[in-house]
Amino acid sequence: MEHLVDKRARSLRDLRISVTDRCNFRCRYCMPKEIFGADYPFLEREEILSFEEITRLAGIFSEFGVEKIRLTGGEPLLRKNLPDLIESLYKVSGIEDIALTTNGVFLPKYAKQLKEAGLTRVNVSLDSLNDKVFKKINDMGRGVQPVLDGIKAAQQEGLEVKVNMVVKKGLSDDEIMPMVHYFKKEGITLRFIEFMDVGTTNGWNYKDVISKKEIHDLINSHYPLESVEPGYFGEVAKRYRYAGTDTEVGFISSVTESFCSSCTRARLSTDGKLFTCLFAQSGFDLKEMVRGNASDEELKQAIRGVWEKRDDRYSEIRTEESQKSRKIEMSYIGG
Ligand code: SAM
Ligand code: SF4
Ligand code: SF4
1 MEHLVDKRAR SLRDLRISVT DRCNFRCRYC MPKEIFGADY PFLEREEILS
51 FEEITRLAGI FSEFGVEKIR LTGGEPLLRK NLPDLIESLY KVSGIEDIAL
101 TTNGVFLPKY AKQLKEAGLT RVNVSLDSLN DKVFKKINDM GRGVQPVLDG
151 IKAAQQEGLE VKVNMVVKKG LSDDEIMPMV HYFKKEGITL RFIEFMDVGT
201 TNGWNYKDVI SKKEIHDLIN SHYPLESVEP GYFGEVAKRY RYAGTDTEVG
251 FISSVTESFC SSCTRARLST DGKLFTCLFA QSGFDLKEMV RGNASDEELK
301 QAIRGVWEKR DDRYSEIRTE ESQKSRKIEM SYIGG
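Start counting the sequence shown at 1; every next residue gets the next number (UniProt numbering).
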């Protein structure tokens, strides 16, 4: 097995694959309705990687030691027959762990098929337990209950579930403690994600970020937190547990405590471009190669070339100027 290392000595370990750029939500921090309206040029069907193409590329990534794949989007459960993709990824030698990030509303419909296909874990995004607030955030009038039903359905199928909450000042700061109380009682890991400047359409401003430290200190004043060792090198979330319990809470502090020095993640966009950073301005077109009859060895060489040149550290060097640069949207590249 060949291990790929980039210029800053980070090896390629995991792969996120976006399976659609479409979504049934319009979360204000991700796909603001004013931009992602009826005229928005979402990708056409023929531009999107097929399941066969995704599986072939996953096989090549696994030859470089990638063991974990996360499917994301847009809303991945909008991609027709997603369990079929999971089933074929599950058969790729070397892929040990297939996870999904979803807004959860289609989980009651698909959880059983997803589990049977080989899915191991689900991260469900939910930012509030208050219908009024949640409807304002997702901007599509979607209530909280369908998401909670999705979480239940995934648990009933034996999938490991975590809940992701993005915190944006003025939008969801009052939701932190109700979410903590509820998911602590449920024994479900809740992970707080700092509001990030992904893409250029979400009106990001540093003033709207509530830091990991602020959220940690707030929770700690109600429930003392103990830190938990990372499960593996490059784990993105900083982990804690509520003292005296096994229930964890995590923080993804991309803005205030960056983790570029241990970033081992590659991203494959819906239309087959390889990105080495969430904040990249462009990706390397693997689809063009796949559809141009490139051999596995040629694809390997291309991926090797991209990764070995990689020098990304956007979060470490974020400045006012870099924030304004043209970046890829979250719904296109997946979180
Ligand atoms: N639709 C799925 C969902 O919401 O889980 C998957 C795609 S979504 C882009 C992946 C993750 O990115 C979600 O947990 C979402 O909350 C997070 N996210 C979206 N925009 C964000 C932003 N501006 N800052 C931080 N996290 C963001
Ligand atoms: Fe859709 Fe997920 Fe983005 Fe919300 S965060 S708009 S659910 S892709
Ligand atoms: Fe990785 Fe880029 Fe995020 Fe740094 S900013 S942790 S290099 S994705």
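Just so you know, even glycine gets a beta-carbon here, dropped at the ideal spot from N, CA and C.
- Pairing Ile333 with Ile17, the inter-Cα distance amounts to about 8 angstroms.
- Secondary structure at Arg121: strand, using DSSP grouped into helix, strand and coil.
- For Glu226, the uninterrupted beta strand (DSSP E) run begins and ends at Leu225 to Val228, by DSSP.
- Check the Cα spacing between Leu49 and each of Glu288, Asp312 and Ile303: the tightest is with Glu288.
- Using a Cβ distance threshold of 8 angstroms, Arg70 and Ser262 do not count as a contacting pair.
- Secondary structure note for Ser18: its beta strand (DSSP E) is the uninterrupted segment Asp14 to Ser18.
- For Gly335, the shortest separation between its Cβ and any heavy atom of ligand 1 lies below 7 angstroms.
- Distance from the CA atom of Gly141 to the CA atom of Val163, rounded to whole angstroms, is 20 angstroms.
- Under the 8 angstroms Cβ criterion, the region 270-278 does not count as touching the region 240-251, having fewer than three qualifying pairs.
- Annotation for Leu12 indicates a beta carbon at 7 angstroms or more from all heavy atoms of ligand 3.
- For Val166, the enclosing beta strand (DSSP E) has its first and last residue at Glu160 to Val167.
- Less than 8 angstroms separates the beta-carbon of Pro178 from that of Leu129.
- Take Asn138, set aside five residues on each side of it, and the residues of its chain with a beta-carbon closer than 7 angstroms to its own are Phe25, Arg26 and Cys27, in chain order.
- Between Arg8 and Val66, the C-beta gap is not smaller than 8 angstroms, which leaves the two residues out of contact.
- Here the distance from the Cβ of Arg265 to the nearest heavy atom of ligand 3 is below 7 angstroms.
- Taking non-hydrogen atoms of ligand 2 into account, the C-beta of Gly199 is found less than 7 angstroms away from none of them.
- Each of Cys23, Phe25, Cys27, Cys30, Met31, Asn103 and Ser331 has a C-beta closer than 5 angstroms to some heavy atom of ligand 2; these make up the full list, in chain order.
- In the structure shown, Thr55 adopts helical secondary structure according to DSSP, grouped into three states.
- Counting along the chain, no beta strand (DSSP E) covers Glu67, and no H or E run does either.
- A distance below 7 angstroms between beta-carbons, with the five flanking residues on each side excluded, links Thr264 to the following residues of its chain, in chain order: Arg10, Ser11, Leu12, Arg13, Asp14 and Gly234.
- Under the three-state reduction of DSSP output, Gly187 falls in the coil class, being neither helix nor strand.
- Each of Thr200, Glu75, Glu214 and Glu2 was checked against the Cα of Gln323, and the nearest Cα belongs to Thr200.
- Beyond the five residues adjoining it in sequence on each side, Asp84 comes within less than 7 angstroms, by CB distance, of Phe51 in the same chain, given in chain order.
- By the criterion of at least three beta-carbon pairs nearer than 8 angstroms, the region 82-100 is not in contact with the region 289-307.
- Burial check for Gly244: the Cβ neighbour count within 10 Å stays below 16, so the residue is exposed.
- By the C-beta density criterion, Thr319 is exposed, having fewer than 16 other C-beta atoms within 10 angstroms.
- For Met31, the number of other beta carbons within 10 angstroms of its own is at least 16, and it is reported as buried.
- Counting only residues of its own chain and dropping the five nearest sequence neighbours on each side, Lys115 has a CB closer than 6 angstroms to the CB of Glu157 and Leu159.
- By DSSP's assignment, Tyr242 forms a beta bridge with Leu225.
- By the criterion of at least three beta-carbon pairs nearer than 8 angstroms, the region 220-237 is not in contact with the region 298-313.
- Following the DSSP letters along the chain, one finds Lys152 inside the alpha helix (DSSP H) bounded by residues Gln145 to Gln156.
- Proximity of the beta carbon of Tyr314 to ligand 3 is indicated: a heavy atom of the ligand is located closer than 7 angstroms.
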